[in-house]
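Structure, as structure tokens:
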Amino acid sequence: MERLEKQFFDIPTLQLATALLGKTFVRILPGNRVLKGRIVETEAYLGEGDEASHAWRGKTDRNRPMFEAPGTLYVYFTYGCHHLVNIVSEPRETAGAVLLRAMEPLEGIWFMEQQRRSASASNLMSGPAKIAQALDINRSHSGSDLFGVEFSLENAPPIPETHIGTSSRIGISRGKELQWRKFVIGSPHLSQGRPS
DNA sequence: AGCGTGATCTTT
DNA sequence: AAGATCACGCTG
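Going by my numbering, the first sequence opens with residue 131, and the numbers climb by one from there.
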């Protein structure tokens with residue numbers, strides 16, 4: 131299916147979190163190896179007013195990409211060992227991003243298995259840091275976008291509303307009351323989540 | 001259930 | 001300059 135252009139990403143963050151479900155994330159490595167995954171779980175993060183967001187206190191060196199144009203990538207490093215990948219939303223100078231939390235591996239599975247040593251098929255990208263590891267994404271990609279060679283998003287039919295679940299975001303201490311996690315109900319590739 | 005591991009941000 | 005926190009994954 132066709133590649134999604136900038137206008138696709140230019141919708142409110144919460145809507146984008148839903149619209150991304152089912153779409154195919156495409157990563158092309160140096161050497162033209164192609165990796166693909168189907169997005170099955172996302173979370174929305176805003177700026178001011180969303181205390182769980184990196185951007186709620188304003189722009190810093192790290193979160194700068196969150197203030198860039200829709201379709202930019204925001205990647206950061208946390209817990210001393212994990213990279214997490216977000217797709218930026220909202221117009222320039224307004225913070226917003228959608229965290230990619232889980233994907234169904236579609237193509238390049240052999241490579242992903244190499245990247246993730248102890249993983250069975252359904253575990254390859256069933257968590258936000260696993261995605262970054264499987265697809266070989268790190269901080270150097272923060273600020274890139276989905277409109278070049280390395281990264282893109284392929285269209286796919288929308289997921290029917292009845293198959294989309296909603297919950298609190300996972301692993302945060304503030305903003306728990308907001309139901310800003312979206313996922314494809316019944317997918318075997320969802321993240322395991324963290325209690326409370 | 002516990003902990004690693006380091007960047008980032010806030011407070012002194 | 002020091003301390004707290006952290007959008008997590010793995011082992012036990």
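All residues carry an ideal CB built from backbone N, CA and C; glycine is no exception.
Fair warning: this is a prediction, and the values are worked out from it, not measured in the lab.
Comparing alpha-carbon positions, which option in Phe241, Pro287, Val170, Ala147 lies nearest glycine 121?
Residue numbering for the chain in the displayed model covers 131 to 326; residue 121 lies beyond these limits and cannot be assessed.
Should the region 253 to 268 be called in touch with the region 192 to 207, which here means at least 3 C-beta pairs below 8 Å?
Touching, yes.
Please go through the region 193 to 236 and give each complete beta strand (DSSP E) segment of 3 or more residues, from N-terminal end onward.
For secondary structure counted as the beta strand (DSSP E) over 3 or more consecutive residues, the region 193 to 236 holds these complete runs in sequence order: 203 to 208, 212 to 218.
List the DSSP bridge partners of threonine 296.
As computed with DSSP, threonine 296 is found in a beta bridge with Lys312.
May I ask you to list the residues that DSSP assigns as paired with glutamate 284?
Arg133, Thr154, per the DSSP bridge assignment.
Just confirm the distance between the C-beta atoms of alanine 182 and alanine 147, as a whole number of angstroms; I'd bet it's less than 8 Å.
With 8 Å as the limit, alanine 182 and alanine 147 do not qualify as a contact, their Cβ atoms being about 14 Å apart.
Tell me where the beta strand (DSSP E) around lysine 260 begins and ends.
Counting along the chain, lysine 260 falls outside any beta strand (DSSP E), though it belongs to the alpha helix (DSSP H) covering 258 to 264.
Since threonine 190 is in the beta strand (DSSP E), which residue starts that stretch and which ends it?
No beta strand (DSSP E) contains threonine 190, which DSSP labels as neither H nor E.
When the Cα of alanine 225 is compared with those of His271, Pro235, Glu178, His212, which residue comes out closest?
Minimum Cα distance to alanine 225 is reached at Glu178.
For leucine 283 and valine 164, believed in contact at Cβ under 8 Å, the rounded distance:
Not quite, the Cβ-Cβ distance comes to about 14 Å (not below 8 Å), so this is no contact.
Endpoints, alpha helix (DSSP H) assigned at glutamate 243
Per DSSP, the unbroken alpha helix (DSSP H) holding glutamate 243 starts and ends at 239 to 245.
Please classify leucine 165: does DSSP put it in a helix, a strand, or coil?
Here leucine 165 carries a strand assignment [DSSP, helix/strand/coil].
Serine 272 versus glutamine 244: straight-line alpha-carbon distance, rounded
One C-alpha to the other measures close to 23 Å.
Environment of tryptophan 310 [buried if 16+ CB atoms lie within 10 Å]
Buried, since its Cβ has 16 or more Cβ neighbours within 10 Å.
Keeping to the same chain, check which residues put their C-beta closer than 7 Å to that of glutamate 234; ignore five residues upstream and five downstream.
Beyond the five residues adjoining it in sequence on each side, glutamate 234 comes within less than 7 Å, by CB distance, of Gly167, Arg168, Val170, Ser317, His319 in the same chain, given in chain order.
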